[in-house]
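The structure appears below as structure tokens.
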Amino acid sequence: MFKADVIIVGAGPVGCVLANKIATELNLSCLIIEKRNHIAGNCYDEKNKKGVLYHKYGPHYLRFKNNKIFEYLSKFTKWIPGNYIVQSFVDKKLYPFPINLNTLEKFFNIKFKSKKEAIDFIKKKQIKNKSLNNSEDFILSKLGTEIYEKFYKNYTIKQWGVSPKKLSSTVAGRVPIRYDRNPYYVKEKLKFMPRQGFTLMFKKMITNKKIKLSLNTDFFKIRKQIKYNKFLIYTGTPDKFFNYKYGKLDWRSLAFKFETYKKNLIQNSVQYNFPNDFKFTRKVEIKHVTRQKIPFTVISKEFPKSKGEPYYPIINKNNLNKFSKYEKLIKKVENKNVFFEGRLAQYKYFNTDEVIERALNLFKILKKKYKNNSNN
Ligand code: UDP
2 MFKADVIIVG
12 AGPVGCVLAN
22 KIATELNLSC
32 LIIEKRNHIA
42 GNCYDEKNKK
52 GVLYHKYGPH
62 YLRFKNNKIF
72 EYLSKFTKWI
82 PGNYIVQSFV
92 DKKLYPFPIN
102 LNTLEKFFNI
112 KFKSKKEAID
122 FIKKKQIKNK
132 SLNNSEDFIL
142 SKLGTEIYEK
152 FYKNYTIKQW
162 GVSPKKLSST
172 VAGRVPIRYD
182 RNPYYVKEKL
192 KFMPRQGFTL
202 MFKKMITNKK
212 IKLSLNTDFF
222 KIRKQIKYNK
232 FLIYTGTPDK
242 FFNYKYGKLD
252 WRSLAFKFET
262 YKKNLIQNSV
272 QYNFPNDFKF
282 TRKVEIKHVT
292 RQKIPFTVIS
302 KEFPKSKGEP
312 YYPIINKNNL
322 NKFSKYEKLI
332 KKVENKNVFF
342 EGRLAQYKYF
352 NTDEVIERAL
362 NLFKILKKKY
372 KNNSNN
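Structure below.
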């Protein structure tokens, strides 16, 4: 029997945040059920044999839209600055990416006297199509054909396995476009990495007598043995939860290849993107951010694939229609005290700070609903 006041399926960011809040503020017992042999979901980081801290499921460049989320997480970790600087390898040269004034000058071999001059230059290249709701038309309308073809088109095809025309504009639109010289990958000013890593931060969050953790436990294999007094939180994929009633949602997955080198550093920034070369999309040397003092370093290469663990929802019309049907079922099971949250459960391309914010918002609702009928 898997029994507690609250059962949480998944020990990722959402599961850990909710367990922490439920145990400390509602004083209810929580049991987290996790399929993998570790907590922290895809934020999981660990030290390899040489002691290098690396991100097992791809780089997580934590940043904060909302100061309150930063304050909440600060209870569980100290921070290091988010030194997230990315370059894109195009025609055998490294260019700053996101596109900024330096990228434009280097690529077009022009020195712009002002920001306005660069904007006017790009304006002549922009192609305005009627529908801007796909990634191809969106980038063409902002930057024109040359930049689109060299920096976006093939990267997007490699990453998603479909034409950028078949993907929502919000996909390529995630990356800022700049007419200044800001080199950082993300637009948020608050950008920090947990000083000792994500895993330790989440571990601290769930270190509480009221929280139990069952690793290596597949919810779908023990579903019938579950009993909760109050409610269940589910952070996995909705299609599987509902036995694929409306068919499978598409997910994009990744494979990683890690290489350890006896060198202080290899790259000159944390990430190199390869839109047009190789089968991998990017090479990440996370040590640029973690700043570990150690004579070894790790490079990870990311190979996108269609089968395997779900990493990214594929945002197109077909999947969104399917998800909206599942959404109705999700609403219905709330009456049976079951709540869905997170990137997988909500089929949305959320960042880590966004899912943490959502978990805290869900907690507010749960608190109202269950506080008065708590046994304690
Ligand atoms: N993208 C691109 N070229 C790049 C980097 C990103 O075309 O060099 C597009 C691509 O479609 C990608 C999307 O922008 O899927 C979002 O990129 P981001 O780096 O935010 O993806 P994530 O880190 O979530 O994998």
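Using the numbering used here, the letters of the sequence shown map in sequence onto residues 2 to 377.
Idealized CB from N, CA, C, for every residue including glycine.
Residue closest to residue i, alpha-carbon to alpha-carbon, out of the options
i, options, result
"V271", "R37, S301, F324", "S301"
"W252", "F108, K125, S75, Q347", "Q347"
"F71", "I357, Y371, K370, V339", "I357"
"E328", "Y313, F242, Y96", "F242"
"K365", "V10, E26, A5, I9", "E26"
"K258", "Y247, D278, Y273, K284", "K284"
"G16", "E342, E355, N68, N320", "E342"
"L216", "K246, Q88, R37, L168", "R37"
"Y262", "K129, Y55, N101", "Y55"
"N336", "K124, K231, Q268", "K231"
"F279", "E303, Q293, N269", "E303"
Backbone CA spacing between residue i and residue j [nearest angstrom]
i, j, result
"F98", "K154", "14 Å"
"L191", "F351", "17 Å"
"K50", "N265", "16 Å"
"F275", "R179", "20 Å"
"K66", "N43", "20 Å"
"T238", "L345", "5 Å"
"I120", "T171", "22 Å"
"G59", "C31", "29 Å"
"A360", "D92", "43 Å"
"N84", "N244", "42 Å"
"I34", "I40", "10 Å"
"N103", "R182", "6 Å"
"T353", "V290", "17 Å"
"K308", "S254", "6 Å"
"N376", "L63", "Reliability of the predicted coordinates at N376 is poor, the pLDDT of 49 falling under 50, and the value obtained from them is presented with this limitation in mind. Answer to the nearest angstrom: the Cα atoms are 37 Å apart."
"L214", "K369", "25 Å"
"S164", "A5", "46 Å"
"N135", "L168", "5 Å"
"M2", "N362", "30 Å"
"K349", "E286", "27 Å"
"T146", "K69", "40 Å"
Closer than 8 Å: residue i CB and nearest ligand 1 heavy atom
i, result
"W161", "yes"
"K154", "yes"
"T157", "yes"
"N274", "yes"
"V356", "no"
"V172", "yes"
"Y229", "no"
"Y350", "yes"
"Y85", "no"
"R175", "yes"
Supposed contact pair residue j and residue i - C-beta distance, whole angstroms, cut 8 Å
i, j, result
"A24", "K211", "4 Å"
"K323", "L250", "6 Å"
"K79", "R196", "4 Å"
"T298", "D46", "So it is not a contact: roughly 15 Å between Cβ atoms."
"Q127", "K143", "7 Å"
"I234", "V10", "7 Å"
"M194", "L74", "Going by Cβ atoms, the distance from M194 to L74 rounds to 11 Å, so no, they are not a contact pair."
"P305", "G162", "7 Å"
9 Å Cβ cutoff, residue i in contact with chain C
i, result
"P195", "Looking at the structure shown, chain C is missing, and only one protein chain is on hand."
Taking only runs that begin and end inside the segment 223–297, name each unbroken beta strand (DSSP E) of 3 or more residues, in chain order.
Segments of the beta strand (DSSP E) lying fully in the segment 223–297: 227–235, 252–262, 272–274, 283–285.
Report the start-end ranges of each beta strand (DSSP E) in the segment 320–376 that is 3 residues or longer and not cut off at the edges.
Counting only runs of 3 or more, we get 339–341.
Contiguous beta strand (DSSP E) assignments of at least 3 residues, all confined to the segment 126–211:
Qualifying beta strand (DSSP E) stretches, in chain order: 191–195.
Where in the segment 6–88 do unbroken runs of the alpha helix (DSSP H), each at least 4 residues long, occur, reported from the N-terminal end onward?
Runs of the alpha helix (DSSP H) inside the segment 6–88: 14–22, 68–74.
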